[in-house]
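A.B. asks: Residue numbers (our numbering), protein chains in the order written: chain A, 199 to 528; chain B, 2 to 539.
Just so it is clear, CB atoms sit at the ideal spot from N, CA and C, and this is done for glycine as well.
Please read all numbers here as calculations on a predicted model, not as lab measurements.
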Ligand code: SF4
Ligand code: SF4
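(1) If you measure from the beta carbon of residue 234 of chain A to each beta carbon in chain B, is any gap under 8 angstroms?
(2) Between residue 479 of chain B and residue 469 of chain B, what straight-line distance do the alpha-carbon atoms span, to the nearest angstrom?
(3) Could you tell me whether the Cβ of residue 189 of chain B comes closer than 8 angstroms to any Cβ of chain A?
(4) List the DSSP bridge partners of residue 137 of chain B.
(5) When you compare only the Cα positions, how much space is there between residue 325 of chain B and residue 373 of chain B?
(6) What residue range does the beta strand (DSSP E) around residue 316 of chain A cover?
(7) Just reading off the beta strand (DSSP E) that residue 286 of chain B is part of, what are its end residues?
(8) Can at least three beta-carbon pairs, one atom from the stretch 474-491 of chain B and one from the stretch 264-281 of chain B, be found at a separation below 8 angstroms?
(9) Strictly under 8 angstroms for the Cβ-Cβ distance: is residue 470 of chain A near chain B by that measure?
(10) Using only CA atoms, which one of B/33, B/56, B/38, B/34 lies nearest to residue 44 of chain B?
(11) Quick one: which chain A residues come within Cβ less than 7 angstroms of residue 144 of chain B?
(12) For a cutoff of 8 angstroms on Cβ pairs, would you count residue 403 of chain A as touching chain B?
(13) Can you list, in chain order, the residues of its chain whose CB lies under 8 angstroms from that of residue 33 of chain B, leaving out five sequence neighbours each side?
(14) Report buried or exposed for residue 200 of chain B, applying the criterion of at least 16 other Cβ atoms within 10 angstroms of its Cβ.
(15) Spell out the partners DSSP gives residue 156 of chain B in its beta bridges.
(16) Is it buried or exposed for residue 362 of chain B, if we count other Cβ within 10 angstroms and need 16 for buried?
(17) In chain order, what residues of the same chain lie with their CB nearer than 7 angstroms to the CB of residue 448 of chain A, ignoring the 5 residues before and after it?
(18) Quick one, what's near ligand 3 if you take every residue whose CB is closer than 5 angstroms to any heavy atom, in chain order?
(19) Which residues, in chain order, does the stretch 185-213 of chain B contribute to contact with chain A at a C-beta distance below 7 angstroms?
(20) Report the neighbours of residue 120 of chain B on chain A: residues whose CB is nearer than 7 angstroms to its CB, in chain order.
(21) Which residues, taken in chain order from the stretch 451-475 of chain B, show a beta carbon closer than 9 angstroms to some beta carbon of chain A?
(22) With a threshold of 7 angstroms (Cβ to nearest heavy atom), would residue 182 of chain B be considered close to ligand 2?
(23) Hey, does residue 339 of chain B have any beta-carbon neighbour from chain A nearer than 8 angstroms?
(24) Within 8 angstroms of any Cβ in chain A, is that where the Cβ of residue 137 of chain B sits?
(25) What beta strand (DSSP E) runs, 3 residues minimum, are completely inside the stretch 465-523 of chain B?
(26) Could you say which of B/89, B/292, B/232 lies nearest to residue 260 of chain B if we only look at CA atoms?
(27) When you measure from the CB of residue 491 of chain B to every non-hydrogen atom of ligand 2, does any distance come out below 7 angstroms?
(28) Which chain A residues are close to residue 220 of chain B, counting only those with a beta carbon under 8 angstroms from its beta carbon?
(29) For ligand 2, I want to know if residue 105 of chain B counts as a neighbour, meaning its beta carbon is within less than 7 angstroms of at least one of the ligand's heavy atoms.
(30) Taking the alpha carbon of residue 472 of chain B as the reference point, which residue from B/408, B/461, B/496 has its own alpha carbon closest?
(31) Does DSSP classify residue 382 of chain B as helix, strand or coil?
(32) If you measure between the beta carbons of residue 453 of chain A and residue 222 of chain A, is that distance less than 8 angstroms?
(33) Using a threshold of 8 angstroms, state whether the C-beta atoms of residue 493 of chain A and residue 342 of chain B are closer than that.
(34) With respect to 7 angstroms, is the separation between the Cβ of residue 171 of chain B and the closest non-hydrogen atom of ligand 2 below this value?
(35) Please identify, using Cβ separations under 8 angstroms, the residues of the stretch 342-359 of chain B that lie next to chain A, in order along the chain.
(36) Between the stretch 480-490 of chain A and the stretch 227-238 of chain A, are three or more C-beta pairs nearer than 8 angstroms?
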């Protein structure tokens, strides 16, 4: 159920786009209206979610410290894993966002007879995660060739690097292969590891299947079911410049690709995919461990009812005097 | 209450496996099993600190005597917390269920219960959050991973939030730093709104509020306890030391967990502090009002923690001290590092701590004005201010356990190691994945160290104990050092259970054994009264 439902949902989306364009001829709806709506929803939704998080304050300084703190000059501080300065925090966040520092730590607990526990290094999730996110980013950047009249040099360079193997015609992009491989691995991992399968929700499979659909339709389009590329560029340029046109004969596979991308965009702010923004807002990672040095202020700090020394002395005065303790009032 | 049987180590280990039930977790009701939960709070104790819905209750009974509008209380409370804590909001929203945290929790490792995987512990509450606070959850319900809050769900939340020691090991491994400890803290706040506290937490909280310490020691009892230690010190060293209490005008206020005053082996650590301070001629005082370093309020609600913590600064101000030294404790130091100054500061009536012996200024605590005793002592040793004879600890083969909170909520790791290496000759680290920031909890933190909870505690204590067993077999380790009063009590129990023969010690007990005091007689025994190495025949 958890797996079939999202799979069916993605298949339905494909069918919908196919039927809409091929049968009902709704090129304008699928090629113009829906993409516009999806992008608007994505941008507004993303900002809304981030603002909503931002509205809640960070009352306490709660970094998860992952190394030696700042101490004496003769004790070496771990400035990246336990930063005490803003520069350190920037470094920690950069490592986290760019190379997934915390996932790199991952271990696998093994229980043997005895009992005997061991914790081996486990890098598959880290590698797959990196491969997936980086190839996705590069593919996204590569797509800018469609958004601009002249393909900028940087993008040509990325394309060149990405296809350096010089296989096939059109040249095979490495990132296409890596993305497909990584997403497949991530799906497989969820299914094959009983504990991970146990915690997975439909909302974990849906984006994976959706991205698989996007990648597959993109690959089909580029390598196998040639679309009218000049038409595609004309159409995308039209969208980008707010002068939408619907050229003839582009090929339905393009509309399917575009529709799945639109779905992903619209789904994004509603889902766990918001971790893209959230990772920057996580107080256990983005704060300096300097709360003994600089007072952290809580905007909602309020006075509380305490048991004062005077109340304490009132209760124990006789006992205190007898024990020879100094008292405030005789 | 009836006595609960704890399975034998072999039985427990035999049955341990990491499998999943046939049914999905939402369809698998929690079974509240004897030996894995703490007795419910007494209404009387909750009343003392003005907690809502105070009443006697029993987790093993069907009827938890919930207030009529308990759901409303829960949701209002949850909304309130979401508005107050960005951490909570973000952590509710961004988990991708990658499972990196899944096998990092000592309770999962020792129980094999999937709901003890940090991610699933958090999902227990997240599912309720989705149902009532997110659009997707409201529309799609179960497909979006949402479920309504029923009495059974509440019981499940309670059960598993009191099976988390807020150790933050999961947070270390999470790619977004999601800290299930933080979620547990929120969850416990919510259960507190409904009066669902435990006896083992609410009793100490009430004690600490009224009497100044968790154990409820009254002023003269504190003095008696310390007098007893002073006698023991005299027997061992021939030196009579003369501690002061509630003394105005002292330079330093010393605050330590009351556990150090109460039972072995904590008392040996307390003797260690006093011997060191005496040898230095330190101008310090104890307080009977601020006689608790630890903070069980922290295990119930943020407000309660603040109320208990307020005494430390208030007393420092009343006595007019220049700064504060804090003893060996774990969660105490997370509170002092990440919360105290924010709650009850600024402590501008004190001065930046400067060691009167070495002149070292403790820049890293210039706002809180409170330093950790291992910082203080490490600095002394580095500056050659102590005369030490490490061979007096030669009967010991030592390893060191990092407390969760000093490791992941502070980063105090090398100071205690530096001290140990200077006061002992035989020190061996446990395997790298079980120490420093990756350290495992003792298994009984956050007020879970009740005797009725023994099975859970021993399960949670397995990963730590297993690493000790490893160095015991490899290097003959027979002493587990730490800087935490809870550890001194709980690790003693889990060592006896899993690794018999390994004892537990505070770092300052080791210091005091090695410390050559001015005018001391020839020592025959260590602080425990055991013959020193080479003196066995006497
Ligand atoms: S590691 Fe973090 S994101 Fe992954 S399952 Fe655990 S809490 Fe969720
Ligand atoms: S904080 Fe510690 S006890 Fe709690 S879920 Fe995380 S690893 Fe487990």
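C.D. replies: In terms of the structure at hand:
(1) Position 36 of the first chain holds residue 234 of chain A. Not one chain B Cβ lies under 8 angstroms of residue 234 of chain A.
(2) Locating residue 479 of chain B in the second chain gives position 478, where the first residue counts as 1. Locating residue 469 of chain B in the second chain gives position 468, where the first residue counts as 1. Looking at the two C-alpha atoms, the distance is approximately 9 angstroms.
(3) Counting from one through the second chain, the residue named residue 189 of chain B turns up at place 188. No, because no Cβ of chain A sits closer than 8 angstroms to the Cβ of residue 189 of chain B.
(4) If you number the second chain from 1, residue 137 of chain B lands on position 136. Paired residues: none, contrary to the question.
(5) By 1-based counting over the second chain, the position of residue 325 of chain B is 324. By 1-based counting over the second chain, the position of residue 373 of chain B is 372. Approximately 9 angstroms between the Cα atoms of the pair.
(6) Along the first chain, one-based indexing puts residue 316 of chain A at 118. That run of the beta strand (DSSP E) goes 314-319.
(7) Counted from its first residue, the second chain places residue 286 of chain B at position 285. Counting along the chain, the beta strand (DSSP E) containing residue 286 of chain B begins and ends at 285-287.
(8) yes
(9) In the first chain, the residue the question calls residue 470 of chain A occupies position 272. Taking Cβ atoms only, chain B reaches closer than 8 angstroms to residue 470 of chain A, which makes this a yes.
(10) For the purposes of this step, residue 44 of chain B is taken as residue 43 along the second chain, with counting starting at 1. Residue B/56 is the option with its Cα nearest to residue 44 of chain B.
(11) Along the second chain, one-based indexing puts residue 144 of chain B at 143. Those are 203, 400, listed as they occur along chain A.
(12) Counted from its first residue, the first chain places residue 403 of chain A at position 205. Output row for residue 403 of chain A: interface = no.
(13) Position 32 of the second chain holds residue 33 of chain B. Hits under 8 angstroms: 60, 61, 156, 160.
(14) As a first step, residue 200 of chain B must be located in the second chain, where it is residue number 199. It counts as buried.
(15) Taking the first residue of the second chain as position 1, residue 156 of chain B is located at position 155. None; residue 156 of chain B has no bridge partner.
(16) Residue mapping note: residue 362 of chain B aligns to position 361 of the second chain, counting from 1. Under this definition residue 362 of chain B is an exposed residue.
(17) Start at 1 with the first residue of the first chain, and residue 448 of chain A comes out as number 250. 425, 426, 429, 430, 433, listed in sequence order.
(18) Here the bound small molecules are ligand 1 and ligand 2; ligand 3 is not part of this structure.
(19) 210, 211, 213
(20) Within the second chain, the letter at position 119 stands for residue 120 of chain B. The answer, in chain order, is 397.
(21) 463, 464, 467, 468, 470, 471
(22) In the second chain, residue 182 of chain B corresponds to position 181, counting from 1. True, at least one ligand heavy atom lies under 7 angstroms from that Cβ.
(23) Within the second chain, residue 339 of chain B is the residue found at index 338, counting from 1. Judged by the 8 angstroms Cβ criterion, residue 339 of chain B is in contact with chain A.
(24) Here residue 137 of chain B refers to the residue found at position 136 of the second chain. Output row for residue 137 of chain B: interface = yes.
(25) 480-483, 504-507
(26) The residue given as residue 260 of chain B occupies position 259 in the second chain. The shortest C-alpha separation from residue 260 of chain B is found at B/292.
(27) Here the question's residue 491 of chain B lines up with position 490 in the second chain. No, ligand 2 has no heavy atom inside 7 angstroms of this Cβ.
(28) Taking the second chain and counting its residues from 1, the one referred to as residue 220 of chain B is at position 219. Near residue 220 of chain B (Cβ distances below 8 angstroms), the residues of chain A are 514, 517, 518, 521, 523.
(29) One-based indexing of the second chain puts residue 105 of chain B at position 104. Yes, the beta carbon of residue 105 of chain B sits closer than 7 angstroms to at least one heavy atom of ligand 2.
(30) As a first step, residue 472 of chain B must be located in the second chain, where it is residue number 471. Looking at the Cα atoms, B/496 is the closest of the given residues.
(31) For the purposes of this step, residue 382 of chain B is identified with residue 381 of the second chain, where counting begins at 1. The answer is helix: DSSP assigns residue 382 of chain B an H, G or I state.
(32) By one-based count along the first chain, residue 453 of chain A stands at place 255. By one-based count along the first chain, residue 222 of chain A stands at place 24. Against a cut-off of 8 angstroms, the Cβ pair of residue 222 of chain A and residue 453 of chain A comes out as no contact.
(33) What you label residue 493 of chain A is simply residue 295 of the first chain in a count that begins at 1. What you label residue 342 of chain B is simply residue 341 of the second chain in a count that begins at 1. Contact: yes.
(34) The residue labelled residue 171 of chain B in the question sits at position 170 within the second chain. Yes, Cβ of residue 171 of chain B sits closer than 7 angstroms to a heavy atom of ligand 2.
(35) 342, 343, 344, 346, 347
(36) no
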